[in-house]
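J.: Read top to bottom, the protein sequences are chains A and B.
All residue numbers for the first sequence refer to the working numbering, where the first residue is 1 and numbers rise by one.
All residue numbers for the second sequence refer to the working numbering, where the first residue is 635 and numbers rise by one.
Positions of the beta carbon are idealized from the N, C-alpha and C atoms, including for glycine.
All of these numbers come straight from a predicted model, not from anything done at the bench.
Next up is a structure, given as structure tokens.
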Amino acid sequence: MSDDPLRDIALSSLQVPVAIADWPGGDIRYRNNRFATLFSGAEGSADLRGCIGGVDWKAAEEDLGRTGAHVADVETRHDGREHHVRLQFRTMDEGQRLFVEGSDISNLREAEYLLDSYSRLAEKNARDLQREKDRTSQLFEEFTRNAPIGMYVKDGSGRYVMVNPRMEALFEKDASEILGKTVRDMLPPDEAAMVEAFDREILATRRTAAVVEKLESVGLFEWTLVVRFPIEAQDDPDMIGGFDIDITPQKRAEEELAMSRERLNQAERMTALGSLLAGVSHELNNPLAIVVGEATLMEEDAEGTGLAESATRIRIAAERCAKIVQSFLAIARQKPSKRERLDLNSVVGAVVELTGYQTRSNEIEIEQDLADELPAIIGDIDQLQQVVMNLLINAQQALQTRQPPRRIRISSFRKGDDIALRVADNGPGIASDLAKRIFDPFFTTKPEGTGTGIGLSYSQGVIEAHGGTLEVEPCEDGASFIVRLPVGRGGAVLAAPAKAAPSSSKSTARGRALVIDDEPDLANAIARLLQRLGFATDTAGNGNEAVAKLEAEDYELILSDLRMPGMDGAAFFAWLGEHRPDLLARTAFLTGDTLSPAAVTFLEQAGRPYLSKPLTREELSALVDELCSGGDSQ
Amino acid sequence: MASSLFEKYGGFSEVRKVISDFYDGVLSDDMLSHHFEGVNMHRLIDHQTRMISSFLGGPAFLTNEQLAAAHRRLTITHLEFDRLGKIMDDTLQSHDFAGEDRQAVLDQIEDTRPFIVGNSG
């Protein structure tokens with residue numbers, strides 16, 4: 001107890017720790033229960049310094065000596081937990097005593113502790129977030145740097161604010177030369193206007209849009225898929241982001257695919273056309289062969305009379321019909337019907353002369369620039385003349401829509417291993433979208449009734465059948481077609497059959513010939529022609545009948561059709577191979593359509609000579625001579 | 635936008651000046667000063683700077699749950715919280731914060747009321 005009982009009673013009721021001690025001695029004169037509880041060391045000790053830990057007594061003495069007061073925050077343990085106590089020291093009784101009063105600041109310390117902890121946690125989170133941002137930023141930089149597509153951002157005024165290396169390559173400029181610039185600084189005005197129009201659309205619609213562009217001035221990508229989208233940045237709501245993706249390989253593949261489809265379509269059309277023509281020619285060839293055969297016989301029978309001249313005219317007309325059929329067949333079977341060594345300039349000269357009247361009357365000037373001493377080509381002169389004629393007629397018709405001067409320039413020249421022929425006019429030219437279609441069968445740009453759409457298709461078929469090409473050339477003024485034909489080589493020329501002298505073997509007995517054809521009139525006509533060539537003849541309607549004849553007779557010569565009911569030509573030839581191989585070398589074939597792949601294959605494998613119906617007397621004579629002399633022409 | 639307010643008013647360094655002035659006002663206020671006796675004001679100003687910065691759109695700082703935990707034994711009353719808001723408003727005005735920007739900050743302070751006032755854990 002202290003020396004003041006009343007004060008002791010008052011202080012003992014306080015919930016805060018209170019004590020009174022001698023000063024500077026430190027002997028405790030009074031302490032209430034709370035003080036005794038919190039600072040248990042004081043229970044048995046009378047020394048204030050001894051029972052309160054954590055006070056800087058030296059500083060306290062200085063403060064108390066100077067101001068009479070001092071504050072110290074201390075920690076003490078009680079009931080198993082930390083107590084934070086703020087102790088206020090005040091001298092009293094003229095500095096002889098020290099009054100100590102404590103207040104619990106545990107809650108405040110807890111709040112401070114928590115705030116510090118949370119703050120450190122927030123700092124750590126912020127650092128982690130920043131690291132994540134830095135990593136994302138670095139990753140994005142790597143992403144754009146390595147991206148195989150152009151990536152960029154433009155601000156609201158169209159200035160580039162971000163470009164990746166691919167864009168640098170695209171513009172062939174360093175980023176420092178692009179950033180801050182607009183597309184007008186990068187591209188020609190017309191292309192820049194196109195880009196800007198697209199940007200305006202993006203900003204107006206606020207939508208992502210894509211377009212395929214072909215910028216002539218940008219060499220890196222030929223075809224570019226451009227994707228642009230609006231970016232509403234905080235400081236610029238009208239920004240535009242974009243990707244430029246090189247789609248040239250895909251575009252080329254598409255074009256290649258389209259060309260393949262076109263070629264396939266063309267092939268299908270030609271196959272259909274070929275089948276039709278094959279059918280027609282087959283049907284026409286047999287009656288034409290009869291007409292030719294009968295007319296030939298009539299010519300000979302009526303020799304020296306007016307009837308013979310009529311027969312000649314019938315034969316020539318029928319042969320012309322046969323040539324027309326053969327020409328159409330040439331388109332379908334892609335093979336010239338006749339091959340001989342030709343001078344291309346002569347072909348041109350003949351056609352120019354033929355069309356001379358028409359060109360002069362249309363005030364068209366023909367310029368010929370034909371190279372001297374061109375190597376010969378191998379081909380069918382009639383077909384090639386028709387091709388040149390078609391090109392000249394097309395040019396003439398095109399020029400009629402133009403005022404004079406009207407000019408057609410025909411030039412021939414050597415081009416690598418080929419001979420080339422160019423037919424160019426100064427007419428209206430060919431629209432680029434039509435250039436691919438003009439070779440399609442039945443496609444025409446000519447007025448109704450003027451063109452059939454078959455001329456160029458036919459011509460291309462003929463030239464390709466000759467191993468060449470017929471193409472439209474790019475041309476600034478008018479239209480230009482170029483024909484390329486391979487130079488004729490070695491002795492591959494098949495000359496036209498030699499004209500047999502009409503009387504050469506008329507009365508010479510040459511043995512017996514068998515003519516096999518399912519068309520009795522045709523078989524008879526050929527048989528009668530063979531008789532004029534000195535053969536005794538038999539006819540058979542198919543292979544089966546021929547086999548029966550062979551059992552009774554021996555033949556010097558066998559001429560067989562290919563397509564027949566029952567045993568056809570191929571089956572008959574196989575039968576011969578098995579039973580009468582001695583006759584194989586005396587056998588030849590007659591055919592109205594060598595078009596079918598099976599027929600072509602058979603003729604190639606059989607290796608026997610053949611004549612296309614309708615056949616002339618001369619052709620038959622040449623074939624017979626060849627077979628009877630032991631020749632084996634193929 | 636909040637993040638632009640943080641930039642607009644000069645970032646941490648300027649916000650710290652505001653908060654420093656704010657606590658000058660708080661410590662000289664009879665109703666509030668007792669809460670801060672013995673408190674390390676330097677650290678408190680740091681914390682409060684980051685808190686108000688987050689209100690202005692700066693980096694995130696304390697969650698509401700953390701605020702509640704830190705204040706749960708401090709027995710702060712609604713009157714004291716109102717008084718604190720008034721001092722903040724005056725301080726922001728003295729630092730030339732525009733009316734709507736001031737209101738944006740005060741609104742966010744108001745949102746923390748349930749986590750600070752009368753919070754007894």
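If we ignore side chains and look at the alpha-carbon of each, how far apart do I240/A and Q250/A end up?
T.: Here residue 240/A is taken as the residue at index 240 of the first sequence, counted from 1. Here residue 250/A is taken as the residue at index 250 of the first sequence, counted from 1. Taking the straight line joining both Cα atoms gives about 26 Å.
J.: Going residue by residue through the stretch 287-370 of chain A, where are the continuous beta strand (DSSP E) segments of at least 3 residues, counting only ones entirely within it?
T.: With a minimum length of 3 residues, the continuous beta strand (DSSP E) runs that stay inside the stretch 287-370 of chain A are 340-342, 364-370.
J.: Hey, quick one: how far does the alpha helix (DSSP H) through V100/A stretch, first residue to last?
T.: Translated into the one-based positions of the first sequence, residue 100/A becomes position 100. First-last for V100/A: 97-104, but that is the beta strand (DSSP E), not the alpha helix (DSSP H).
J.: Taking the C-alpha atoms as reference points, what is the distance between R617/A and G293/A?
T.: Residue numbering aside, residue 617/A sits at position 617 when the first sequence is read from its first letter. Residue numbering aside, residue 293/A sits at position 293 when the first sequence is read from its first letter. Near 7 Å, if we compare the C-alpha coordinates of G293/A and R617/A.
J.: With a floor of 4 residues, list each alpha helix (DSSP H) that falls wholly inside the stretch 56-89 of chain A, ordered by position along the chain.
T.: For the stretch 56-89 of chain A, whole alpha helix (DSSP H) runs of length 4 or above, ordered along the chain, are 57-67.
J.: Going along chain A, which residues have a C-beta under 7 Å from A703/B?
T.: Locating residue 703/B in the second sequence gives position 69, counting from the first residue. Within 7 Å Cβ-Cβ: L114.
J.: Against D73/A, what residues of chain B qualify as contacts under a CB-to-CB distance less than 9 Å, listed in chain order?
T.: The residue given as residue 73/A occupies position 73 in the first sequence. Result: G672.
J.: Less than 8 Å between the C-beta atoms of R145/A and N164/A, yes or no?
T.: Here residue 145/A corresponds to residue number 145 of the first sequence, with the count starting at 1. Here residue 164/A corresponds to residue number 164 of the first sequence, with the count starting at 1. Result yes, Cβ atoms of R145/A and N164/A sit closer than 8 Å.
J.: Looking at C-beta atoms only, is the number of pairs between the stretch 549-559 of chain A and the stretch 512-531 of chain A that lie closer than 8 Å three or more?
T.: Flag = yes, the stretch 549-559 of chain A and the stretch 512-531 of chain A touch.
J.: How far does the beta strand (DSSP E) with T539/A in it extend, from its first residue to its last?
T.: Start at 1 with the first residue of the first sequence, and residue 539/A comes out as number 539. Element bounds for T539/A: 536-540.
J.: Can you find the residues in the same chain that come closer than 8 Å, C-beta to C-beta, to L434/A, ignoring five residues on each side of it along the sequence?
T.: Within the first sequence, numbered from 1, the residue matching residue 434/A stands at position 434. Excluding positions up to five away in sequence, the list reads T445.
J.: If you measure beta-carbon to beta-carbon, which residues of the stretch 642-661 of chain B are closer than 9 Å to chain A?
T.: none
J.: From the DSSP output, in three-state form, read off L639/A for me.
T.: Since the displayed chain A opens at 1 and closes at 634, residue 639/A lies outside it and no answer follows.
J.: By Cβ distance below 6 Å, which residues in the same chain neighbour A322/A in space, the five residues on each side in sequence not counted?
T.: Against the first sequence, residue 322/A aligns to sequence position 322. So the qualifying residues of the chain are L288, P614.
J.: Taking the alpha-carbon of C51/A as reference, which of D63/A, E61/A, A36/A has the nearest alpha-carbon?
T.: Indexing the first sequence from 1 puts residue 51/A at position 51. The residue with the shortest Cα to Cα distance from C51/A is A36/A.
J.: To the nearest angstrom, how far is it from the Cα of D47/A to the Cα of L38/A?
T.: Here residue 47/A refers to the residue found at position 47 when the first sequence is read from its first residue. Here residue 38/A refers to the residue found at position 38 when the first sequence is read from its first residue. One C-alpha to the other measures close to 15 Å.
J.: Check whether chain A comes within 8 Å of Q700/B, counting only Cβ atoms and requiring the distance to be less than that.
T.: Working through the second sequence from its first residue, we reach residue 700/B at position 66. Chain A contact via Cβ: present.
J.: Can you name, in chain order, every residue of its own chain whose Cβ lies under 7 Å from the Cβ of L529/A, other than the five neighbours on each side?
T.: Against the first sequence, residue 529/A aligns to sequence position 529. G293, T296, L297, R617, L620.
J.: Below 9 Å on C-beta distance, what does F695/B contact in chain A?
T.: Translated into the one-based positions of the second sequence, residue 695/B becomes position 61. Those within 9 Å of F695/B in chain A are Y118, S119, A122, A126.
J.: Which chain A residues sit within Cβ distance under 7 Å of H681/B?
T.: The residue labelled residue 681/B in the question sits at position 47 within the second sequence. Under the 7 Å cutoff, chain A gives L115, S119.
J.: List, in order along the chain, the chain A residues whose C-beta lies closer than 9 Å to that of R707/B?
T.: On the second sequence, residue 707/B is found 73 positions in, with the first residue counted as 1. Simply S106, N107, L108, E110, A111.
J.: Across the stretch 117-134 of chain A and the stretch 696-712 of chain B, are there enough close Cβ pairs to call them in contact, namely three or more that are closer than 8 Å?
T.: yes
J.: Could you give the DSSP three-state label for R422/A: helix, strand or coil?
T.: Start at 1 with the first residue of the first sequence, and residue 422/A comes out as number 422. Correct three-state label for R422/A: strand.
J.: Opposite G242/A in the DSSP bridges: which residues?
T.: Here residue 242/A is taken as the residue at index 242 of the first sequence, counted from 1. Paired residue(s): Y152/A, R228/A.
J.: Identify, in the order they occur along the chain, each residue of the same chain with its Cβ nearer than 6 Å to the Cβ of H70/A, setting aside the five sequence neighbours on each side.
T.: Here residue 70/A refers to the residue found at position 70 of the first sequence. Cβ neighbours of H70/A beyond the five flanking positions: A60, D63, L64, F89.
J.: Residues of the stretch 77-89 of chain A with a CB closer than 7 Å to any CB of chain B: list them in chain order, please.
T.: R86
J.: Ignore the nearest five residues each way along the sequence and tell me which others in P502/A's own chain have a CB closer than 8 Å to its CB.
T.: Position 502 of the first sequence holds residue 502/A. Model confidence at P502/A stands at a pLDDT of 40, short of 50, so the residue's coordinates are unreliable and nothing is read from them.
J.: Spatial neighbours of T182/A within its chain, please: CB distance less than 7 Å, with the 5 preceding and 5 following residues excluded, ordered by chain position.
T.: As a first step, residue 182/A is located in the first sequence; it is residue number 182 there, counting from the start. Closer than 7 Å at the Cβ level, and outside the excluded window around T182/A, lie G158, R159.
J.: Taking buried to mean at least 16 other C-beta atoms within 10 Å of its own C-beta, is Y643/B buried or exposed?
T.: As a first step, residue 643/B must be located in the second sequence, where it is residue number 9. By the Cβ neighbour-count rule, Y643/B is buried, with 16 or more other Cβ atoms within 10 Å of its own.
J.: Pop quiz: S564/A and D518/A are said to be a contact at Cβ under 8 Å. What is the actual Cβ separation, rounded to whole angstroms?
T.: Numbered from 1 along the first sequence, position 564 holds the residue referred to as residue 564/A. Numbered from 1 along the first sequence, position 518 holds the residue referred to as residue 518/A. As written in the sequence, residue 564/A is Met, which differs from the Ser given in the question. That pair is a contact at about 4 Å.
J.: Using a C-beta cutoff of 8 Å, does R747/B count as contacting chain A?
T.: Numbered from its first residue, the second sequence carries residue 747/B at position 113. Output row for R747/B: interface = no.
J.: Spell out whether any CB of chain A is found under 8 Å from the CB atom of F677/B.
T.: Taking the second sequence and counting its residues from 1, the one referred to as residue 677/B is at position 43. Looking at the sequence provided, one finds Arg at residue 677/B rather than Phe. It does; some Cβ of chain A falls within 8 Å.
J.: For F439/A and L456/A, what's the separation of their Cα atoms in angstroms?
T.: Here residue 439/A refers to the residue found at position 439 when the first sequence is read from its first residue. Here residue 456/A refers to the residue found at position 456 when the first sequence is read from its first residue. Each residue's alpha carbon lies about 5 Å from the other.
J.: Kindly confirm or deny that the stretch 531-546 of chain A and the stretch 582-601 of chain A touch, where touching means at least three C-beta pairs closer than 8 Å.
T.: The answer is no - the stretch 582-601 of chain A does not touch the stretch 531-546 of chain A, with fewer than three Cβ pairs under 8 Å.
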